[in-house]
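Since the structure comes first, as structure tokens, the remarks are kept for the end.
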Amino acid sequence: MTVWIDTHCHLDAPEFGTDAAEVRARASTVGVAQCVIPAVEVANFDTVRTLAHRFGDAYALGIHPLYVARAQEADLATLDVALERHRDDPRLVAVGEIGLDYFVPELKLSPLKERQEHFYREQLKLARRHGLPVILHVRRSADALLRALRELAPLQGWRGIAHAFNGSQQQAQAFIDLGFKLGFGGAVTYERALQLRRLVGRAAAGGAGAGDRRARHPAALALRDRRTACRRAGTPAQRTRRVAEDRRGGGGLEGDFRGRAGACIRAQCGGGVAGGDGRDFLSFFVLSRRGMVSFSY
């Protein structure tokens, strides 16, 4: 069985209620060996750490841009202290989830726009100081994120994940050049996300050239198997529509398999969809304490 690591799983989200253990156990049965559980605010630092130790997973500590409105300046000092206190904890693997969100209207306006940018930059400095990778929240904010990453880059370079990436090929390459891996969330399954699926296809093929060389790449084979699994699901009419869409888009991830945004276990095993209900979806990359390892689905 192929083993996966889900690099972004808000297993502490209230949507799970008392089901977290059951969800995690189900993920294990389909090959998800580990999940990275990112914090979103100081109030859940202890929760994500406890869950990670309970389930044998990993965790990240940070302040999410959607939570900066209620965050205090002192929270940055609290994060610094927590990173230092747990520096020898092998389950602490990153600073995150941090970043910028220019999708929510009020976050694009003063004073919240400047506030989230301040928290983002200060947390980058903490990640640099503690020598940790970062898990980035990227929502209509790729250029601004990249600008700060370039300005604050550590001597050894960045490591981390641009989570739920939904930008251009040029932006994708810019993150990769800075040492990041691209994470793809539920948006890749939307029926109209043809450009994003093409980008996923190129990323899965490892940047190989066109033709047989790309087709023989292991990730490309997994992508083709994924297309086959999707095509076989549903009614004849649904299968026909998906095949037609696949040929137009070239990405191979079908719109019917929607991930549950934010709080979900994403996993695939052997070309099939884990769980089969659309909530358990995909895992793309492995995050380790000392570096990032690309793990195409």
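Take 25 as the starting number for the sequence shown in the numbering used here and just add one per residue.
For each residue, glycine too, the CB sits at the ideal point set by N, CA and C.
Between the beta-carbon of residue i and the beta-carbon of residue j, is there less than 8 Å?
i           : j           : result
residue 63  : residue 85  : yes
residue 159 : residue 184 : yes
residue 95  : residue 121 : no
residue 323 : residue 112 : The structure shown has nothing for residue 323, since the chain only spans 25 to 321.
residue 30  : residue 56  : yes
residue 203 : residue 188 : no
residue 166 : residue 191 : yes
residue 211 : residue 220 : yes
residue 82  : residue 115 : yes
residue 39  : residue 100 : no
residue 172 : residue 136 : no
residue 88  : residue 161 : yes
residue 18  : residue 49  : Nothing about residue 18 can be reported from this structure: the residues present for the chain run from 25 to 321 only.
residue 27  : residue 117 : no
Tell me whether residue i is buried or exposed, calling it buried when 16 or more other Cβ atoms sit within 10 Å of its Cβ.
i           : result
residue 72  : buried
residue 326 : The chain is shown from 25 up to 321; residue 326 falls before or after that span and cannot be answered.
residue 127 : exposed
residue 291 : Residue placement at residue 291 is flagged as unreliable, the pLDDT there being 31, under the threshold of 50; the coordinate-derived value follows with that caveat. It counts as buried.
residue 134 : exposed
residue 150 : buried
residue 77  : exposed
residue 170 : buried
residue 174 : exposed
residue 53  : exposed
residue 58  : buried
residue 239 : Because residue 239 sits at a pLDDT of 34, beneath the cut-off of 50, its placement in the model cannot be relied upon, and the point is left open.
residue 277 : Summary for residue 277: the model assigns pLDDT 23, below 50, so the residue's position carries little reliability, and this model does not support an answer.
residue 194 : exposed
residue 140 : buried
residue 225 : buried
residue 198 : buried
residue 209 : buried
residue 36  : buried
residue 131 : buried
residue 123 : buried
residue 51  : buried
residue 67  : exposed
residue 33  : buried
residue 93  : exposed
residue 98  : exposed
Kindly identify the DSSP beta-bridge partner or partners of residue i.
i           : result
residue 159 : 185
residue 58  : 29
residue 119 : 85 and 158
residue 125 : 163
residue 205 : 185
For the ligand COA, is there any heavy atom lying closer than 7 Å to the beta carbon of residue i?
i           : result
residue 160 : The model on display carries no ligand, and the ligand COA is accordingly not part of it.
Original post:
Touching or not, the segment 95-104 and the segment 147-156, by the rule of three or more beta carbon pairs under 8 Å?
Top reply: yes
Subject >> Any alpha helix (DSSP H) of 4 or more consecutive residues that is wholly inside the segment 95-119 >> reply: 98-109
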